Amino acid sequence: MTKSAKLVLDGKETDLPVTVGSEGEVGVDISKLRGQTGAITLDPSFANTGACESAITFIDGEKGILRYRGYDIADLAEHASFPEVCHLLIYGHLPSQAERAEFRTRLALHSLVHEDMKKFFEGFAPVAHPMGILSAMIASLSAFYPEDDTLEEIDLNIIRLLSKAKTLAAFSYKKSIGQPFMYPENDRTYLENFIYMMFAVPSEPYEVKEVVRSALEKLMILHADHEQNCSTTTVRVVGSGGANLFASISAGVSALWGPLHGGANQAVIEMLEVIRKDGSNFQKYVDLTKSKDSDFKLMGFGHRVYKNFDPRARILKQSADEVLEDLGVDDPLLEIAMRLEEVALADEYFIERNLYPNVDFYSGILYRAMGIPTDMFTVMFALGRLPGWIAHWLEQRNAPGGRINRPRQIYTGETSRPWEPLEER
Ligand code: CMC
Numbered sequence: 350m351t352k353s354a355k356l357v358l359d360g361k362e363t364d365l366p367v368t369v370g371s372e373g374e375v376g377v378d379i380s381k382l383r384g385q386t387g388a389i390t391l392d393p394s395f396a397n398t399g400a401c402e403s404a405i406t407f408i409d410g411e412k413g414i415l416r417y418r419g420y421d422i423a424d425l426a427e428h429a430s431f432p433e434v435c436h437l438l439i440y441g442h443l444p445s446q447a448e449r450a451e452f453r454t455r456l457a458l459h460s461l462v463h464e465d466m467k468k469f470f471e472g473f474a475p476v477a478h479p480m481g482i483l484s485a486m487i488a489s490l491s492a493f494y495p496e497d498d499t500l501e502e503i504d505l506n507i508i509r510l511l512s513k514a515k516t517l518a519a520f521s522y523k524k525s526i527g528q529p530f531m532y533p534e535n536d537r538t539y540l541e542n543f544i545y546m547m548f549a550v551p552s553e554p555y556e557v558k559e560v561v562r563s564a565l566e567k568l569m570i571l572h573a574d575h576e577q578n579c580s581t582t583t584v585r586v587v588g589s590g591g592a593n594l595f596a597s598i599s600a601g602v603s604a605l606w607g608p609l610h611g612g613a614n615q616a617v618i619e620m621l622e623v624i625r626k627d628g629s630n631f632q633k634y635v636d637l638t639k640s641k642d643s644d645f646k647l648m649g650f651g652h653r654v655y656k657n658f659d660p661r662a663r664i665l666k667q668s669a670d671e672v673l674e675d676l677g678v679d680d681p682l683l684e685i686a687m688r689l690e691e692v693a694l695a696d697e698y699f700i701e702r703n704l705y706p707n708v709d710f711y712s713g714i715l716y717r718a719m720g721i722p723t724d725m726f727t728v729m730f731a732l733g734r735l736p737g738w739i740a741h742w743l744e745q746r747n748a749p750g751g752r753i754n755r756p757r758q759i760y761t762g763e764t765s766r767p768w769e770p771l772e773e774r
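When you line the sequence shown up against the numbering used here, it's residues 350 to 774, in that order.
Right, dumping it as structure tokens:
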């Protein structure tokens, strides 16, 4: 049966169509509301607004479900490789053997960055945050690869972006520690190549540890998409104006940077360090979140959509335990994180508000164990999120009847007033 909704405003009834998604989600379609009633809806921070229809990722925040194109995140994390997940998100299906081989070859062939781009790195201050560098470098790719008229050109730019972003990220790390850049080696797989460019040094053989590769594969897969989050919405909004792929994704990188979003993984480690240095008094920090005089939050806790548990955090917590053991790393921050989680989850404030660890709570501990420096953590998130951003950019570009994103507002400023000459002010 087709559903519909009724709105009564100033005594006048308006029928509103209702859209139901493939998982039964219900959306009251208000796209013609202003024309029909003269009114708009008000939803600051968009907690109740569906900005689009999308066939990429499904989340049920109450049940802790996350699926990419119908596949459960736990299955993908256990069985898939990151490039397979990129293919799944961008092209809509898992690659066949032939497609997988072709995709891998294309990713390998485009991993070099233009030699002129290397000069850009010389211009960044040594203290530059790698997220700023990554955003700038991705936007700069549009200057080297401006062609994006045909589907083939767009597809080539997608491959270029996926492949070069990891090279740019590794170069920005090498720049920050003053080591020479390591060029990609095409016989290595996607993530092996990234690890190699990050940690190898010239004229010394470098073997990628399997435990590091497989942990990174899992991390990247778990971050690969998360439907209409802040950075993905940014990518879609920028793309809706017709901006090219590189410009739109660069905006996504900037949006991800904030500590309430992807920057939380860096903020978690910084917070755990503070707690450790302060004698591991967990209750003090849990209490601080409740204090009216403080705006302190437990970083890595809470989520707009998950109200039960974040399935990504569950997988990562278990993975952190195993990976640290395999690598022989004894990180006191893991113990602190686990104890803090225990104390917070038993606290009435956190129970009432359904606050649980999110994906960023344990990811930093894994990155640390791999030797990745703290200010590169959000770059790691960005590399993982790339296929999701690309898939959404493409989806909104190809959507029939797509229009530029342009919300309205309820104006609350001064009403019309006459000009005041300077001498009378
Ligand atoms: N610590 C303490 N209190 C919290 C926290 C937290 N981490 N998160 C939310 N709350 C409280 C918040 O103060 C509010 O309390 P009250 O109802 O008394 O005003 C209540 O819980 C609801 O929170 P909210 O701020 O309305 O929730 P939101 O949906 O607007 O924000 C969030 C979601 C993730 C930004 C927020 O939980 C937060 O700031 N968490 C810490 C930062 C973080 O870990 N971010 C990573 C998110 S997961 C990765 C990603 O997708 O970006």
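Cβ atoms here follow ideal geometry from the backbone N, Cα and C, with glycine treated the same way. These numbers were taken from a predicted model, which means no experiment stands behind them.
The alpha helix (DSSP H) enclosing residue i, as first and last residue numbers
i, result
"Y417", "No alpha helix (DSSP H) holds Y417; the beta strand (DSSP E) holding it covers I414 to Y417."
"G737", "F726 to N747"
"G424", "It is worth fixing the name first, because residue 424 is Asp in this sequence and not Gly. I422 to H428 is the extent of the alpha helix (DSSP H) around D424."
"V561", "E559 to H572"
"I721", "Run containing I721: none; DSSP gives neither H nor E here."
"E362", "Here E362 belongs to no alpha helix (DSSP H); instead the beta strand (DSSP E) covers K361 to V369."
"L511", "L500 to I526"
"F493", "P479 to F493"
"H436", "F431 to Y440"
"S603", "L594 to L605"
"C579", "C579 to S589"
"I624", "A613 to K626"
"Y545", "Y539 to F548"
"K468", "E464 to G472"
Endpoints, beta strand (DSSP E) assigned at residue i
i, result
"F452", "Where F452 is concerned, there is no enclosing beta strand (DSSP E), although the alpha helix (DSSP H) it sits in stretches over Q446 to L458."
"F407", "T406 to D409"
"L358", "S353 to L358"
6 Å CB neighbourhood of residue i in its chain, flanking five on each side removed
i, result
"V678", "A718"
"C579", "A604 and H610"
"E559", "none"
"F473", "I482"
"M648", "A613, A616, V617 and M620"
"E690", "P706"
"M569", "F431 and G733"
"P660", "G413, L415 and I422"
"T516", "S460, V462 and P533"
"M486", "L517"
Neighbourhood of residue i by C-beta, 7 Å cutoff - its chain only, sequence neighbours within 5 removed
i, result
"R537", "Y545"
"E778", "There is simply no residue 778 to check, as the chain begins at 350 and stops at 774 in what is shown."
"H478", "D724"
"S430", "E566"
"A686", "L621, F710, Y711 and I714"
"T582", "A400"
"D504", "none"
"Y494", "N506 and R509"
"K666", "Y711"
DSSP beta-bridge partners of residue i
i, result
"G376", "T368"
"F650", "P706"
Other residues of its chain near residue i: CB distance less than 8 Å, five sequence neighbours each side excluded
i, result
"E502", "E496"
"R757", "R383 and I389"
"W742", "V584, R585, G588, L594, S597 and I598"
"G419", "F407"
"N630", "I624"
Closer than 8 Å to chain B by CB, residue i
i, result
"C435", "The displayed structure is made up of one protein chain only, and chain B is not part of it."
Note to self: My parser needs the beta strand (DSSP E) runs of 3 or more residues fully inside the stretch 657-688; what are they?
What the structure shows: none
Notebook entry, point to check: Which residues have a Cβ closer than 6 Å to any heavy atom of the ligand CMC, listed in chain order?
Noted result: H575, N578, L609, H610, G611, A613, T638, K646, L647, M648, G649, F650, G651, H652, R653, R702, L704, N707, V708 and D709
Notebook entry, point to check: For the stretch 376-402, which segments carrying the alpha helix (DSSP H) assignment without a break, of at least 4 residues, lie completely within its bounds, in sequence order?
Noted result: 382-386
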